[in-house]
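Novice: Could you have a look at this structure, given as structure tokens, before my questions?
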Amino acid sequence: MPLRVIDSIAIRELLPMSKCISLMRSAMIASSSGNIDLPVRSVTTILNKTGFLAQMPGASNELKHYGIKLLSLHSANPTKGLPAIQGMVVMFDVETGTPVAILEAAQITAIRTAAASGLATQILSREDAKTCGIFGNGVQAVSHIEAIKAIRPIEKVIVWGRNAEKTEAFAKEHQELINCEVVATCDPSEAAQCDVVCTVTASKEPILKGRWVKPGAHINLVGAHSLSTREADSNLVANSAIYVDSMESTLKEGGDIMIPVEEGVISEGDIKGEIGKLLTKDLTGRESYEQITLYKSHGIFTQDLYAADYVLAKANGTNAGKFIEGF
Numbered sequence: 163m164p165l166r167v168i169d170s171i172a173i174r175e176l177l178p179m180s181k182c183i184s185l186m187r188s189a190m191i192a193s194s195s196g197n198i199d200l201p202v203r204s205v206t207t208i209l210n211k212t213g214f215l216a217q218m219p220g221a222s223n224e225l226k227h228y229g230i231k232l233l234s235l236h237s238a239n240p241t242k243g244l245p246a247i248q249g250m251v252v253m254f255d256v257e258t259g260t261p262v263a264i265l266e267a268a269q270i271t272a273i274r275t276a277a278a279s280g281l282a283t284q285i286l287s288r289e290d291a292k293t294c295g296i297f298g299n300g301v302q303a304v305s306h307i308e309a310i311k312a313i314r315p316i317e318k319v320i321v322w323g324r325n326a327e328k329t330e331a332f333a334k335e336h337q338e339l340i341n342c343e344v345v346a347t348c349d350p351s352e353a354a355q356c357d358v359v360c361t362v363t364a365s366k367e368p369i370l371k372g373r374w375v376k377p378g379a380h381i382n383l384v385g386a387h388s389l390s391t392r393e394a395d396s397n398l399v400a401n402s403a404i405y406v407d408s409m410e411s412t413l414k415e416g417g418d419i420m421i422p423v424e425e426g427v428i429s430e431g432d433i434k435g436e437i438g439k440l441l442t443k444d445l446t447g448r449e450s451y452e453q454i455t456l457y458k459s460h461g462i463f464t465q466d467l468y469a470a471d472y473v474l475a476k477a478n479g480t481n482a483g484k485f486i487e488g489f
């Protein structure tokens with residue numbers, strides 16, 4: 163049976179952000195309802211410690227395919243003109259186990275991660291949110307602007323990054339691409355004072371301080387993925403209503419939350435729970451106009467699986483992608 167290969171350009175065309183936000187709703191409900199088999203990701207460190215390989219399998223009772231994402235992360239790659247994250251999602255037919263498709267993983271990851279943040283923002287942020295602060299100036303910064311604009315009437319985006327020149331270039335480029343004011347700032351507190359704040363950095367230590375965040379804001383913490391790293395300080399976490407994509411991933415990988423737990427600033431019981439349970443009405447959401455809400459994203463494979471299954475269905479319908487014979 164021929165194996166369909168779907169590249170990043172095709173994925174971008176087949177998976178619009180608004181549709182992916184809708185898919186993330188189904189994915190998160192399935193994840194929190196126990197309707198998916200989702201082992202915690204396995205991470206292999208490259209022997210010279212220049213990067214790592216992550217393996218993320220999963221299967222859902224609702225889908226026609228199951229799969230695995232194989233992802234490498236080499237943080238020095240951008241200095242070589244290469245993406246930091248590279249990999250593939252391999253999809254198998256649920257009835258026969260036949261491999262049916264390979265999808266480029268970085269584009270799937272970029273869209274679904276931002277779409278999940280968009281979903282969390284949709285159900286937790288104030289509906290009148292008009293400003294968006296972005297910490298970071300890479301691929302996820304681009305996709306998060308698109309996602310937040312898709313569900314809130316954002317009029318101004320303020321971007322902060324460690325490299326001021328790169329951040330200025332980012333703001334100028336995207337000012338020309340989207341119907342929205344985009345400005346760069348050298349002061350992280352300025353970006354932090356927006357109605358919605360998204361951190362999409364590779365920082366290992368807090369770059370977002372709780373004292374900067376205004377009442378009523380919604381925060382998406384996206385960049386940190388280990389127990390020893392975080393993007394937000396304990397003050398912000400302690401003063402927020404905390405929601406996550408996966409409790410299991412939070413306990414094993416969520417430094418943003420677990421470091422404050424270890425410090426005794428909060429307890430595990432202070433985590434409200436998974437946004438999937440918020441969608442099924444098993445949890446309450448925002449309780450007041452002034453409340454700060456926080457979503458910690460770990461990027462579970464459920465999100466990739468639902469996005470990839472949709473892309474594959476669309477590709478089958480439009481004959482998108484290329485084929486490798488002999489599988």
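Per my numbering, the sequence shown starts with residue 163, numbered consecutively.
For every residue, glycine included, the Cβ atom is placed at its ideal position computed from N, Cα and C.
At which residue ranges does the region 181–259 contain complete beta strand (DSSP E) runs of 3 or more residues, listed in the order of the chain?
Specialist: The qualifying runs are 204–207, 214–222, 227–235, 247–255.
Novice: Which residue from N325, I191, N210 puts its Cα closest to that of A278?
Specialist: Of the listed residues, the one whose Cα sits closest to A278 is I191.
Novice: Just how far apart, CA to CA, sit A149 and H336?
Specialist: Not covered by the structure: residue 149. The range shown for the chain is 163 to 489.
Novice: For a test of the three-state rule: what should DSSP assign to V423, helix, strand or coil?
Specialist: Correct three-state label for V423: helix.
Novice: Looking at the secondary structure, which residues open and close the alpha helix (DSSP H) in which N397 lies?
Specialist: Element bounds for N397: 396–400.
Novice: Out of S222, E415, P377, F463, which has the shortest C-alpha to C-alpha gap to K366?
Specialist: Out of S222, E415, P377, F463, E415 has the C-alpha closest to the C-alpha of K366.
Novice: Measure the alpha-carbon distance for E452 versus G323 and round it to whole angstroms.
Specialist: E452 and G323: Cα-Cα distance of roughly 27 Å.
Novice: Taking 7 Å as the limit between beta carbons, can you name the residues of its chain near Q302, skipping five residues before and five after?
Specialist: So the qualifying residues of the chain are A272, T275, A276, V362, V384.
Novice: Run through DSSP, which three-state label would N299 get?
Specialist: Of the three classes helix, strand and coil, the one that applies to N299 here is coil, per DSSP.
Novice: What are the boundary residues of the alpha helix (DSSP H) that A272 is part of?
Specialist: Per DSSP, A272 belongs to the alpha helix (DSSP H) from 267–286.
Novice: From the DSSP output, read off the bridge partner residues of R166.
Specialist: For R166, which the question treats as bridged, DSSP gives the partners A263, F485.
Novice: In terms of residue numbering, what span does the beta strand (DSSP E) encompassing I381 cover?
Specialist: First-last of the beta strand (DSSP E) with I381: 380–383.
Novice: Taking contact to mean 3 or more Cβ pairs, one atom from each stretch, closer than 8 Å, check whether the region 396–412 and the region 371–378 are in contact.
Specialist: Yes, they touch.
Novice: Since K458 is in the alpha helix (DSSP H), which residue starts that stretch and which ends it?
Specialist: No alpha helix (DSSP H) holds K458; the beta strand (DSSP E) holding it covers 455–458.
Novice: S450 to S180, Cα distance in whole Å?
Specialist: Using only the alpha carbons, I get a separation of about 27 Å.
Novice: Have a look at the DSSP bridge pairing and note the partners of G435.
Specialist: Per DSSP, Y405.
Novice: By a C-beta neighbour count over all protein chains shown, 10 Å radius and 16 as the cutoff for buried, is L441 buried or exposed?
Specialist: Flag for L441 reads buried.
Novice: Evaluate T464 with the Cβ neighbour count: other Cβ atoms within 10 Å of its Cβ, from every protein chain shown; 16 or more gives buried, anything less gives exposed.
Specialist: Counting Cβ neighbours within 10 Å, T464 comes out buried, since at least 16 surround it.
Novice: In chain order, what residues of the same chain lie with their CB nearer than 7 Å to the CB of G417, ignoring the 5 residues before and after it?
Specialist: Closer than 7 Å at the Cβ level, and outside the excluded window around G417, lie A386, S388, L389, S390, T391, R392.
Novice: Which one of H236, A470, V202 has the shortest CA to CA distance from K211?
Specialist: The option with the nearest alpha carbon to K211 is H236.
Novice: Applying the criterion that 16 or more other CB atoms from any shown protein chain within 10 Å of the CB defines a buried residue, is K292 buried or exposed?
Specialist: With fewer than 16 Cβ atoms within 10 Å of its Cβ, K292 is classed as exposed.
Novice: Residue range of the beta strand (DSSP E) that E343 falls in?
Specialist: That run of the beta strand (DSSP E) goes 343–347.
Novice: How would you call P422, buried or exposed, if buried means at least 16 neighbouring beta carbons within 10 angstroms?
Specialist: By the 10 Å Cβ count, P422 comes out buried.
Novice: Go through its chain and collect everything with a Cβ distance to V473's Cβ below 7 Å, but skip five positions before and after it.
Specialist: Correct list, in chain order: I168, I173, L176, L177, L265.
Novice: So, with DSSP's three-state summary, where would you put V319?
Specialist: Three-state DSSP puts V319 in a strand.
Novice: Whole angstroms are fine: how far does the CA of S195 sit from the CA of G300?
Specialist: Those two C-alpha atoms are separated by around 33 Å.
Novice: Starting from V473 and walking both ways along the alpha helix (DSSP H), at which residues does that stretch end?
Specialist: Where V473 is concerned, the enclosing alpha helix (DSSP H) stretches over 463–480.
Novice: Y405: which of I381, E425, E424 sits nearest, CA to CA?
Specialist: Measuring from the Cα of Y405, the nearest candidate turns out to be I381.
Novice: Helix, strand or coil for L441? Go by DSSP, reduced to three states.
Specialist: In this structure, L441 counts as helix in the three-state DSSP scheme.
Novice: In whole angstroms, what separates the C-alpha of F485 from that of K443?
Specialist: One C-alpha to the other measures close to 43 Å.
Novice: Using a Cβ-Cβ cutoff of less than 7 Å, which residues in the same chain neighbour A282 once the five nearest sequence positions on both sides are dropped?
Specialist: Excluding sequence neighbours, A282 sits near N382, Y405, I437, Y457.
Novice: Could you have a look at L413 and say whether DSSP puts it in helix, strand or coil?
Specialist: Looking at L413 - three-state DSSP - the assignment turns out to be helix.
Novice: For T329, which of helix, strand or coil comes out of DSSP?
Specialist: DSSP places T329 in helix when its eight states are reduced to three.
Novice: How about T455 and L286: do their beta carbons lie closer than 9 Å?
Specialist: It is a contact, given that the beta carbons lie within the stated cut-off.
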